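Each residue of the sequence shown is one higher than the last, beginning at 1440 in this note's numbering.
Some notes on the structure that comes next.
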Amino acid sequence: MTLYHESLEIVEKPQILQANRPLDFGTGFYTTTSLQQAQRWVKLRMEQSQSSVGFINRYEYTPKRDLHTRLFHSANEAWVDFVHANRTIQDYNHDYDIVTGPVANDNVYLSFNLYESGIITKRELIRRLKTYKLVDQLLFHTERSLDTLEYVGNKEVRI
1440 MTLYHESLEI VEKPQILQAN RPLDFGTGFY TTTSLQQAQR WVKLRMEQSQ
1490 SSVGFINRYE YTPKRDLHTR LFHSANEAWV DFVHANRTIQ DYNHDYDIVT
1540 GPVANDNVYL SFNLYESGII TKRELIRRLK TYKLVDQLLF HTERSLDTLE
1590 YVGNKEVRI
């Protein structure tokens, strides 16, 4: 399976890095199967950093049976609870090597913020999520999970 990771640099050797903000699935190395999503992410990152160049790094992923993996097929109640915990509980850490599921886009974040503020219920949040076309994200959360990725190249992106 081909996976993409956007960055301002070429990433031949993925690493688990601490994020400067809470992320959907926690700390780790994030990828997606969607080249279009990776292109959107790298362009956003380039705009935020005022960089004129970025990279979409490409990897081949080979699953291993001995890894503890969590798969969310959709933005359901379990996904909401997991993302909510990762985003709001300080020092929250799960024991999954790899987590796969929908990525929260800007519309989802807006709805999630309404839920976290108590303005809408979890049921309303899930109803809203079903109206969005969500792409996937795969988080590699542990060092041993990174062994499933083989770097195969990159695409340079310029603004």
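The beta carbon of each residue, even a glycine, is placed where N, CA and C say it ideally should be.
Given the structure is predicted, the values throughout are model-derived calculations rather than measurements.
Where residue i falls, given that 16 or more other Cβ within 10 Å makes a residue buried
i       : result
His1580 : buried
Pro1502 : exposed
Ala1458 : exposed
Gln1529 : exposed
Ser1584 : buried
Under the three-state DSSP convention, the category residue i falls into
i       : result
Gln1576 : strand
His1512 : coil
Ser1584 : helix
Asn1525 : helix
Presumed contact (8 Å Cβ cut-off) between residue i and residue j, rounded CB distance
i       : j       : result
Phe1464 : Pro1453 : Incorrect: roughly 15 Å between the Cβ atoms, too far for contact.
Val1506 : Thr1472 : Reading off the sequence, residue 1506 comes out as Leu, not Val. 18 Å between Cβ atoms; not a contact.
Close beta carbons around residue i, own chain, < 7 Å, minus the five adjacent residues each side
i       : result
Ala1517 : Phe1511
Asn1525 : Pro1461, Leu1462, Asp1463, Phe1464, Gly1465 and Tyr1531
Gly1592 : Arg1497
Residues near residue i in its chain [Cβ-Cβ closer than 8 Å; skip 5 each side]
i       : result
Ile1559 : Ser1550, Leu1553 and Arg1567
Original post:
Any chance the region 1531-1545 sits against the region 1567-1576, with 3 or more Cβ pairs inside 8 Å?
Top reply: yes
Original post:
Pairing CB atoms from the region 1441-1455 with CB atoms from the region 1488-1497, are three or more of them under 8 Å?
Top reply: yes
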